[in-house]
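**Q** Mind having a look at this structure? Questions to follow.
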Amino acid sequence: MSDYDAYLAGDRTDHVALYLAESYVSDAETLADRADAERVADIRGAQSDTPGVVLVVDGESGRSVFETLTGMQAMEFGSTAMQTPGDVDAALVDGRCPNAVDGPGEDHTVQFVFSFAEAQNEEVGGLYADGDVIHAYAYCSCGTAYSDKWLAGAHDQ
């Protein structure tokens, strides 16, 4: 099982996942050659038509990797995204921007997703009592940051 698959199953709660659209980063091919990377084209069940790469890295270096590749502070981005609920797909490579309007000329393509898994915590209750929870924060080409969360392994792909 790859680190990516293990992460989605909730088996890597000490890691973070970062999806980067090829259109967002200039060195997607170089990133895709990393041992901790998966090309979107190689991800079974990925719904995105946008080429890109997913990195799964340990949580301690994850914020630094995120900040280097996006130019944003991870905690600030997460706080902003949590204010706007949205829909991020289970493969972490696509989503539906809550500000998307059906109409010509509207571009709502996911540019990147930052995700972390939180271990089951019965004391907190709710969703967290039921199992490991995947948190996903997406950034749309329109500039909207939005969030989603679900039980690991239970989100429809």
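Residues 22 to 178 (our numbering) make up the sequence shown, in order. Note that the Cβ used here is the ideal one computed from N, Cα and C, for glycine as well. Here the structure is a predicted model, which is why all the values come from computation and not from measurement.
1. Rounded C-beta distance between residue 116 and residue 159? I'm assuming under 8 Å.
2. For the alpha helix (DSSP H) containing residue 169, name the first residue and the last one.
3. Which term fits residue 178, buried or exposed, when burial requires 16 or more other beta carbons within 10 angstroms of its beta carbon?
4. With C-beta atoms as the reference, is residue 89 less than 9 Å away from residue 42?
5. My guess is that residue 133 and residue 91 are in contact by the Cβ rule of under 8 Å, so how many angstroms apart are they, rounded?
6. So, at 6 Å on beta carbons, what are the nonlocal neighbours of residue 150 in its own chain, with the 5 sequence-adjacent residues on each side left out?
7. State buried or exposed for residue 107, treating a residue as buried only when at least 16 other CB atoms are found within 10 Å of its CB.
8. Applying the 10 Å Cβ sphere with the 16-neighbour rule, what's the burial state of residue 81?
9. What does residue 117 pair with, by DSSP beta-bridge criteria?
10. Just how far apart, CA to CA, sit residue 79 and residue 51?
11. Please confirm if the stretch 51-60 is in contact with the stretch 92-101, defined as three or more CB-CB distances below 8 Å between the two stretches.
12. What would DSSP say about residue 136, mapped onto helix, strand or coil?
13. Alpha carbon to alpha carbon, how far is residue 141 from residue 163?
14. Return the CA-CA distance between residue 44 and residue 22, expressed in angstroms with no decimal places.
**A** Let's see:
1. Residue numbering aside, residue 116 sits at position 95 when the sequence shown is read from its first letter. Residue numbering aside, residue 159 sits at position 138 when the sequence shown is read from its first letter. Indeed they touch by this definition, with Cβ atoms about 5 Å apart.
2. Start at 1 with the first residue of the sequence shown, and residue 169 comes out as number 148. Unbroken run through residue 169 is the beta strand (DSSP E), 166-172; no alpha helix (DSSP H).
3. Counting from one through the sequence shown, the residue named residue 178 turns up at place 157. Confidence at residue 178 is low in this model, with a pLDDT of 46, below 50, so its placement is unreliable and no value can be given for it.
4. The residue labelled residue 89 in the question sits at position 68 within the sequence shown. The residue labelled residue 42 in the question sits at position 21 within the sequence shown. In this structure, residue 42 does not lie closer than 9 Å to residue 89 by Cβ.
5. As a first step, residue 133 must be located in the sequence shown, where it is residue number 112. As a first step, residue 91 must be located in the sequence shown, where it is residue number 70. Going by Cβ atoms, the distance from residue 133 to residue 91 rounds to 6 Å, so yes, they are a contact pair.
6. To locate residue 150, count along the sequence shown from 1; it is residue 129. Result list for residue 150: 143, in chain order.
7. Locating residue 107 in the sequence shown gives position 86, counting from the first residue. Residue 107 is buried by the Cβ-count criterion.
8. Looking up residue 81 in the sequence shown gives position 60. That one is exposed.
9. Numbered from 1 along the sequence shown, position 96 holds the residue referred to as residue 117. Answer is 108, bridged to residue 117.
10. What you label residue 79 is simply residue 58 of the sequence shown in a count that begins at 1. What you label residue 51 is simply residue 30 of the sequence shown in a count that begins at 1. Going from the Cα of residue 79 to the Cα of residue 51 covers about 19 Å.
11. no
12. By 1-based counting over the sequence shown, the position of residue 136 is 115. Looking at residue 136 - three-state DSSP - the assignment turns out to be strand.
13. Reading the sequence shown from its first residue, position 120 is the one you call residue 141. Reading the sequence shown from its first residue, position 142 is the one you call residue 163. Their backbone Cα atoms lie some 34 Å apart in a straight line.
14. Counted from its first residue, the sequence shown places residue 44 at position 23. Counted from its first residue, the sequence shown places residue 22 at position 1. Computed Cα separation, rounded: 28 Å.
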